[in-house]
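Counted from 1, the sequence shown has number 106 at position 106 by the UniProt record's numbering; the numbering is strictly sequential. Notes to accompany the following structure.
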Amino acid sequence: MSPRAFEEADLKNPIVFVFPGHEPDVRLMVFKQEIHVHSHILKERSIYFCKFLDSPDKQDKSVPDSALFRYDYSTVVDEDGTWGLEAAAKAPLLTEEMISQTEDMEGEVEGFRQLLCAMYSRPYTIKSVEELSTLTRIADFYCALPIVSVTLTDALLDSPIFLKRENEDSTACTKDQLAEDCDSMIFIAQKLRSSVLFRECLIHIVANWKDKDTFKFHRTRNDEIIRGLIEAGFSQLDEMIDHLQHTLYIEAVMAKNSLDTPELTKTLAAAEEDYVSFQREPKIAVAFWKDLSAKLVHVGGDADFLKSEIDPLLVNNLVLDRNNEGPGEGCYKYCFLCAEIADKQMPNTEVEAMWDGGRQTWGKVLIGGSITNWIVGYINEELRYRELISHMQQTEEDFQSKL
Numbered sequence: 001m002s003p004r005a006f007e008e009a010d011l012k013n014p015i016v017f018v019f020p021g022h023e024p025d026v027r028l029m030v031f032k033q034e035i036h037v038h039s040h041i042l043k044e045r046s047i048y049f050c051k052f053l054d055s056p057d058k059q060d061k062s063v064p065d066s067a068l069f070r071y072d073y074s075t076v077v078d079e080d081g082t083w084g085l086e087a088a089a090k091a092p093l094l095t096e097e098m099i100s101q102t103e104d105m106e107g108e109v110e111g112f113r114q115l116l117c118a119m120y121s122r123p124y125t126i127k128s129v130e131e132l133s134t135l136t137r138i139a140d141f142y143c144a145l146p147i148v149s150v151t152l153t154d155a156l157l158d159s160p161i162f163l164k165r166e167n168e169d170s171t172a173c174t175k176d177q178l179a180e181d182c183d184s185m186i187f188i189a190q191k192l193r194s195s196v197l198f199r200e201c202l203i204h205i206v207a208n209w210k211d212k213d214t215f216k217f218h219r220t221r222n223d224e225i226i227r228g229l230i231e232a233g234f235s236q237l238d239e240m241i242d243h244l245q246h247t248l249y250i251e252a253v254m255a256k257n258s259l260d261t262p263e264l265t266k267t268l269a270a271a272e273e274d275y276v277s278f279q280r281e282p283k284i285a286v287a288f289w290k291d292l293s294a295k296l297v298h299v300g301g302d303a304d305f306l307k308s309e310i311d312p313l314l315v316n317n318l319v320l321d322r323n324n325e326g327p328g329e330g331c332y333k334y335c336f337l338c339a340e341i342a343d344k345q346m347p348n349t350e351v352e353a354m355w356d357g358g359r360q361t362w363g364k365v366l367i368g369g370s371i372t373n374w375i376v377g378y379i380n381e382e383l384r385y386r387e388l389i390s391h392m393q394q395t396e397e398d399f400q401s402k403l
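Spelled out as structure tokens, the structure:
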């Protein structure tokens with residue numbers, strides 16, 4: 001079924017996930033949307049369902065053997081608007097008043113549908129930053145982050161979050177959703193262990209190096225690990241620019257003392273004059289180095305060394321961006337996009353225990369219609385989740401090879 005299925009069809013029509021050779025044995029009422037799925041898929045891809053689908057206190061003893069569904073679950077909404085699934089026989093009747101406590105019912109239904117798509121290896125597309133945030137929260141609740149991470153790269157490939165936001169003023173410089181929300185998205189990337197998305201966020205944050213002294217990204221300021229990576233990115237950029245300034249000075253002096261490179265001498269002399277303006281107004285640094293690099297191309301062989309030193313600063317390391325603009329262009333007029341981070345520098349996620357499979361895992365369980373923090377406990381799923389993680393890594397490598 002196509003994305004946003006609940007918008008294209010009456011919510012009374014169930015969404016049915018098909019698995020060859022098996023009939024759905026689980027009915028889920030996610031708010032007003034009925035969904036038919038398979039218990040073995042839920043158990044294989046979610047520690048939550050693996051642990052609790054067959055737990056004695058969750059089973060409906062009154063369901064006869066002839067019933068169409070072995071498991072029947074309904075939505076329960078807590079007073080704070082948080083929701084979850086509870087055995088239908090024990091769940092209170094869902095009222096409009098309860099539904100109204102949830103800010104975006106359709107968004108929650110779509111987030112759950114996307115989670116099921118991930119579990120069934122069905123294609124889905126992340127259409128907004130809010131959607132990815134909702135999907136991640138729901139996957140975290142049902143202890144299914146690994147399977148979302150496995151499928152995330154494909155879901156992001158054609159995502160509109162990497163396109164410019166629409167603006168009534170066609171001349172306005174607008175960035176894409178990720179660039180504008182990178183300081184919150186980096187935590188989602190961390191939780192999902194998505195190295196591609198984490199790098200993308202880090203590049204966008206470091207690209208705002210001109211604001212590093214005020215460091216307006218308040219969300220990241222309070223996270224010691226991520227703040228350290230951002231500061232390292234700023235320092236790396238500073239070092240590259242300092243090195244280029246020194247190299248420019250040396251090359252300009254050498255050119256003045258040489259009678260064989262008049263064109264290079266003229267170009268570098270002009271660059272030294274422009275450099276004074278660059279020092280007064282750091283945000284024009286991108287334009288300064290981009291302009292100098294272009295001029296050095298016309299100078300030819302004598303300028304090859306200096307140009308080779310400048311080129312790494314003007315590299316665009318974004319891989320998901322679809323704006324077709326590089327550093328010094330359009331919405332990236334004042335941005336360097338050359339930040340890098342090695343795999344070994346990637347931060348550990350907050351859900352390290354769940355990813356390692358054999359350690360304690362934290363989840364949330366509905367007890368008597370109230371959402372309560374619960375220690376799921378020591379789950380002996382190490383081999384299965386190591387296989388999932390291995391699959392995730394292979395998917396990441398396949399994605400990188402396509403770029």
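Ideal placement from N, C-alpha and C gives every residue a C-beta, glycine not left out. Since the structure is predicted, the reported quantities are computational estimates derived from the model, not experimental observations.
### Message
Quick check: residue 413 and Asp304, are their CB atoms within less than 9 Å of each other?
### Response
Outside the shown range of the chain (1 to 403) lies residue 413, about which nothing can therefore be said.
### Message
I'd like to check one pair, Leu248 with Trp209: are the Cβ atoms closer than 9 Å?
### Response
Contact flag unset, no.
### Task
Give me the Cα-Cα distance between Arg45 and Leu116, rounded to the nearest whole angstrom.
Each residue's alpha carbon lies about 9 Å from the other.
### Task
Determine the DSSP secondary structure at Asp72, reduced to helix, strand or coil.
Three-state DSSP puts Asp72 in a strand.
### Inter-residue spacing [alpha-carbon to alpha-carbon] between Val376 and Ala87
Interpretation of Val376 is limited by its pLDDT of 34, a score under 50 that renders its predicted location unreliable; the figure taken from the coordinates is listed afterwards. Going by C-alpha positions, Val376 is about 18 Å away from Ala87.
### For Lys212 and Phe234, believed in contact at Cβ under 8 Å, the rounded distance
That belief holds up - the Cβ atoms of Phe234 and Lys212 are roughly 5 Å apart, short of 8 Å.
### Query
Tell me the DSSP bridge mates of Arg27?
When beta bridges are read from the DSSP output, Arg27 appears opposite His36, Asp72.
### Query
Quick one: what does DSSP say Ile126 is sitting in, helix, strand or coil?
Residue state, collapsed to three classes: coil.
#### Entry: C-beta atoms of Val150 and Ala139 nearer than 9 Å
Contact: no.
### Message
Our contact map puts residue 445 next to Ala339 with C-beta atoms below 8 Å; I'd like the distance itself, whole angstroms only.
### Response
The chain is shown from 1 up to 403; residue 445 falls before or after that span and cannot be answered.
### Lys191 burial status per 10 Å Cβ neighbour count (16 or more: buried)
Under the 10 Å beta carbon count, Lys191 is surrounded by 16 or more other beta carbons and is classified as buried.
### Task
Confirm, please, whether the CB-CB distance from Phe187 to Met346 is below 9 Å.
No Cβ-Cβ contact shorter than 9 Å links Met346 with Phe187.
### Task
Would you check if the distance between the CB atom of His38 and the CB atom of Asp25 is smaller than 9 Å?
Closer than 9 Å, so yes.
### Query
Taking Glu23 as the reference, which of Cys50, Arg70, Glu34, Asn13 has the closest Cα?
Answer by Cα proximity: Arg70.
### Task
Just tell me which of Thr261, Lys51, Gln33, Phe336 has its CA closest to the CA of His204.
Ranking Thr261, Lys51, Gln33, Phe336 by CA distance to the CA of His204 puts Phe336 first.
### Query
Contact check, Arg27 vs His36 under 8 Å by CB: the rounded distance?
The Cβ separation is near 6 Å, so the contact holds.
### Message
For Asn13 and Leu320, I'd like the C-alpha separation in whole angstroms.
### Response
Cα-Cα distance, rounded: 35 Å.
### Query
Once you ignore the five residues that flank Glu108 on each side, which residues in its own chain have a CB closer than 8 Å to its CB?
So the qualifying residues of the chain are Val30, Phe31, Trp83, Thr102, Thr134, Ile138.
### Task
Can you grab the Cα-Cα spacing for the pair Leu152 / Val129, in whole Å?
Roughly 13 Å separates the two Cα atoms.
### Message
Assuming the contact rule is C-beta atoms closer than 8 Å, Leu157 and Asp176 should be a hit. Round their C-beta distance to whole Å, please.
### Response
Cβ atoms of Leu157 and Asp176 stay farther apart than 8 Å, at about 14 Å.
### Query
Quick one: what's got a C-beta closer than 7 Å to Tyr334's C-beta in the same chain, skipping five residues either side?
Answer for Tyr334: Lys210, Lys283, Val286, listed in chain order.
### Query
Can you tell me whether DSSP reads Gly369 as helix, strand or coil?
Reliability fails at Gly369, whose pLDDT of 31 lies under 50, so the model's placement of it is uncertain and the value that follows must be treated cautiously. Here Gly369 sits in coil by DSSP.
#### Entry: Between the CA atoms of Ala271 and Glu281 - distance to the nearest angstrom
Spanning the two alpha carbons is a distance of roughly 15 Å.
### Query
Among all the DSSP beta bridges, which residues are the ones paired with residue 481?
With the chain running from 1 to 403 in the structure shown, residue 481 is simply not present.
### Message
Against chain B, with Cβ distances strictly below 9 Å, would Lys43 count as a contact?
### Response
Of the chains in the structure shown, none is chain B; there is only one protein chain.
### Query
Could you give the residue range of the alpha helix (DSSP H) that holds residue 415?
The requested residue 415 does not occur in the structure, where the chain is confined to residues 1 to 403.
### Message
Could you tell me the alpha carbon to alpha carbon distance between Ser258 and Leu268, rounded to whole angstroms?
### Response
So the two alpha carbons sit approximately 13 Å from each other.
### Query
Where does Lys90 sit, in a helix, a strand or coil, going by DSSP?
Reduced to three states, the DSSP call for Lys90 is coil.
### Query
By Cβ distance below 6 Å, which residues in the same chain neighbour Phe399 in space, the five residues on each side in sequence not counted?
Its pLDDT being 47, under 50, Phe399 is placed unreliably in this model, and the value from its coordinates should be taken loosely. Within the same chain, Phe399 has close Cβ partners Thr153.
### Message
Can you give me the C-alpha to C-alpha distance between Asn324 and Tyr332, rounded to a whole angstrom?
### Response
Distance between the alpha carbons of Asn324 and Tyr332 is about 10 Å.
#### Entry: 8 Å Cβ shell around Val77 - same chain, five flanking residues per side excluded
Listed in chain order, the non-local C-beta contacts of Val77 below 8 Å within the same chain comprise Trp83, Leu94, Met98, Ile99, Gln101, Thr102, local neighbours out to five positions each way being set aside.
#### Entry: Three-state secondary structure assigned by DSSP to Gly84
Three-state result, Gly84: strand.
#### Entry: Thr153: first and last residue of the uninterrupted alpha helix (DSSP H) it sits in
It spans 145-157 - the alpha helix (DSSP H) in which Thr153 sits, taken as one unbroken run.
#### Entry: Cβ separation of Thr125 and Ala155, assumed to be a contact under 8 Å, to the nearest whole Å
Contact check for Thr125 and Ala155: beta-carbon distance about 6 Å, within the 8 Å limit, so the pair qualifies.
### Task
Please classify Asp343: does DSSP put it in a helix, a strand, or coil?
In the three-state DSSP reduction, Asp343 falls in the helix class (H, G or I).
### Environment of Asp183 [buried if 16+ CB atoms lie within 10 Å]
Burial of Asp183 is indicated by the presence of at least 16 other C-beta atoms within 10 angstroms of its C-beta.
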